[in-house]
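Asks:
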Amino acid sequence: MVNMTSKSEMKHSFLKLLWLPLLVFLFSRPARAQATQPQDSVQELTMQDFHRLVLQYHPVASQAALLTEQARQELRMARGAFDPIISSKLYKKEFGGKEYYTLWNNALRVPLWFGPELIAGYDQTTGNYLNPENSTPADGLSFAGISVPLGQGLFIDARRATVRQARLMQQIAEADRIKLINKLLLQVTKDYWDWLQYYREVQLIQESLELAEFRMKAVRSRVQEGDLAAIDTVEALTEVQNRQVILQQAQLNYNNARLMVATHLWADNEVPLELQESTVPALTGSELTSLPQDSLNHLLEIAKLNHPDLRKLSLKGEQLQIEQQFAADKLKPKLNVEYNVLQNDFYRNTDMFERQHMNANYKMGLSFSLPIFLREERGKLQLTKAKQQANSMEFVQAIREVENNLHAAFNEWQSLEEQIRLQEQMVANAEILRQGEATRFQSGESSLFLVNSREVKSMEAQLKLFALRAKYAKAKTLLYWSAGEIQVN
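At position 204 of the sequence shown the residue is numbered 206 (our numbering), and the sequence of numbers has no breaks.
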């Protein structure tokens, strides 16, 4: 009997010595990065690589790039109003075997940016019943001249207004592109930090489950030896099952987070990429990084200058200013003067622009028109002014919203920084209590229930710390998003 008792006590002592160091080892450090896979098979996807892949091939990023191209083509179309226009007309009439007339008119019109229009052409007419005013020499009649608006259209016209607005549209398209990219990066970054959070949770809970399974085997051994009551096996088994349920939920969250990350991964030609099981998030990036003292004021200045929403409203105001100038110009009368020098063979006669020739061979015209009530023109001007007032009020409101959102994001950053520091202390305290309870249990002064409770509290504190770190990393991105520029390394 003495020998049997001695062997049993030696076995119990061995199990106790093995159990206690394992407890300290598993819970006195963060979750292992690769607990379930061989080290050489795991590939880390860093945030920088993730952003690079998204910006390079994501359909939304490609769509954002098309906004700039669309605006460039809009400007190209607007500039088309200043393209030179060449025209040619040929009219011929014969009836009863007689030639009534043949009219051949050719013209080249070159609009100039500052309003006037250069004109050149060649006319040739023949026929027995030709209108005398259309008669030309046998070799035809050439002309060259200019048409100048002296009233409406002198300082601005539809062509110039359209081009100037199209130029502003390019900058609006760039603001839209930045806004679309920022929105994409904000969602992409949030999904990445969720993925990292659940990855860490799975590793921690997996280790906790392994510890509970080891303890259950040890308890069963001690029950068989008569050192513990049989009810303790139920307690150990219940804890194992509880942690199995928690692990299943954590794995579900992790798998769903992986799917969300995978939706942002694309290859060339809109080919979706799969996120391999061996690919895991990098365990860096959520560390505390305090902002400088003047960082908030600096971000506010950046937001006022570069925030896409404010930039769009400012540019829209400039477009409305051009529209107002054009509407005010429409109140002026249309007064156009046109002068053309005539020459029956001016391509070979270089003295056609001499004063003597120009005074004797020319065609001149003057046109004037003005609506009596100008109701359409006055209505257009007042409508444009109302749009300007609405845009100005929207701009003021947008500035206030941007500033408040930036302040809120900054406050959240600072608050989460303090919460993380406190939570780190709580994690350390929970670990001390857990280790102390495990030591008491080894000496027979505690129960398995209390040990499990301390371990659960320690695990919950660590899980909360993971959640706070993920929230803190998201808050950093949200802060720069509120300022209108998300930093991408």
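Backbone N, C-alpha and C define an ideal beta-carbon position, used for all residues, glycine too. A quick note: this is a predicted structure, and the numbers were derived from the prediction, not measured.
(1) Quick check: the Cα distance between residue 400 and residue 323, rounded to an integer number of angstroms?
(2) Secondary structure at residue 134, three-state DSSP: helix, strand or coil?
(3) Using 10 angstroms around the beta-carbon of residue 257, count the other beta-carbons present and answer buried if the total reaches 16, otherwise exposed.
(4) Are three or more beta carbon pairs between the segment 400-412 and the segment 297-310 nearer than 8 Å?
(5) Determine the direct distance from the alpha carbon of residue 418 to that of residue 470, and round the result to whole angstroms.
(6) With C-beta atoms as the reference, is residue 188 less than 9 Å away from residue 465?
(7) Looking only at its own chain, which residues have a Cβ that is under 6 Å from the Cβ of residue 337, when we skip the five neighbours before and after it?
(8) On a Cα-Cα basis, can you pick out the residue from 427, 107, 96 that is closest to residue 129?
(9) When the Cα atoms are used, what is the spatial distance from residue 219 to residue 442?
(10) Over what stretch of residues does the alpha helix (DSSP H) that includes residue 220 continue unbroken?
(11) Does residue 150 come out as helix, strand or coil in the three-state DSSP assignment?
(12) What separation, rounded to the nearest whole angstrom, lies between the Cα atoms of residue 185 and residue 439?
(13) Hey, would you say the C-beta of residue 415 is under 8 Å away from at least one heavy atom of the ligand ADP?
(14) Beta-carbon separation of residue 177 and residue 313 under 9 Å?
(15) Indicate the three-state DSSP secondary structure (helix, strand or coil) for residue 82 in the structure shown.
(16) Sort out for me which residues DSSP pairs residue 111 with in a bridge.
(17) For residue 245, collect the residues of the same chain with a Cβ closer than 8 Å to its Cβ; drop the 5 residues on either side in sequence, then sort them by chain order.
(18) By DSSP, does residue 367 sit in helix, in strand, or in coil?
(19) Residue 382 and residue 156 - do their beta-carbons sit closer together than 9 Å?
(20) Give me the Cα-Cα distance between residue 253 and residue 180, rounded to the nearest whole angstrom.
(21) Any idea if residue 283 is buried or exposed, counting beta-carbon neighbours within 10 angstroms, 16 or more meaning buried?
(22) Assuming residue 285 is part of the alpha helix (DSSP H), what are its boundary residues?
(23) Based on the DSSP secondary-structure assignment, which residues constitute the bridge partners of residue 144?
(24) Going by beta carbon distance, what residues of the same chain come within less than 6 Å of residue 480, once the five residues before and after it are set aside?
(25) What's the C-alpha gap between residue 459 and residue 172?
(26) What residue range does the alpha helix (DSSP H) around residue 467 cover?
(27) Taking the alpha-carbon of residue 270 as reference, which of 58, 159, 93, 51 has the nearest alpha-carbon?
(28) Could you give the first and the last residue of the continuous beta strand (DSSP E) run that contains residue 46?
(29) Go through its chain and collect everything with a Cβ distance to residue 143's Cβ below 8 Å, but skip five positions before and after it.
(30) Write down every uninterrupted run of the beta strand (DSSP E) in the segment 250-322 whose length is 3 residues or greater and which is fully enclosed by it, in chain order.
(31) Count the other CB atoms within 10 Å of the CB of residue 375; is the residue buried (16 or more) or exposed (fewer)?
(32) State the DSSP-derived secondary structure class of residue 97, mapped to helix, strand or coil.
(33) Is residue 487 helix, strand or coil by DSSP?
(34) May I ask which residues mark the beginning and end of the alpha helix (DSSP H) holding residue 432?
(35) Opposite residue 102 in the DSSP bridges: which residues?
Replies: Quick answer:
(1) In this model, residue 400 and residue 323 are separated by some 20 Å (Cα to Cα).
(2) DSSP places residue 134 within a helical segment (H, G or I) once states are collapsed to three.
(3) So residue 257 ends up on the exposed side.
(4) yes
(5) 7 Å
(6) no
(7) 152, 153, 370
(8) Nearest neighbour of residue 129 by Cα position, chosen from 427, 107, 96, turns out to be 96.
(9) 20 Å
(10) 160-226
(11) strand
(12) 48 Å
(13) Of ligands this structure carries none, so the ligand ADP is not represented either.
(14) yes
(15) helix
(16) 87, 121
(17) 207, 210, 211, 214
(18) DSSP, read as helix, strand or coil, puts residue 367 in strand.
(19) no
(20) Rounded to whole angstroms, the separation of the alpha carbons of residue 180 and residue 253 is 35 Å.
(21) The Cβ neighbour count for residue 283, taken over all protein chains shown within 10 Å, is at least 16; the residue is labelled buried.
(22) Counting along the chain, residue 285 sits inside no alpha helix (DSSP H), nor does DSSP assign it H or E at all.
(23) 124, 345
(24) 411
(25) 57 Å
(26) 450-484
(27) 58
(28) 45-47
(29) 124, 125, 126, 344, 345, 346
(30) 281-283
(31) That one is exposed.
(32) DSSP places residue 97 in strand when its eight states are reduced to three.
(33) coil
(34) 377-444
(35) Paired residues: none, contrary to the question.
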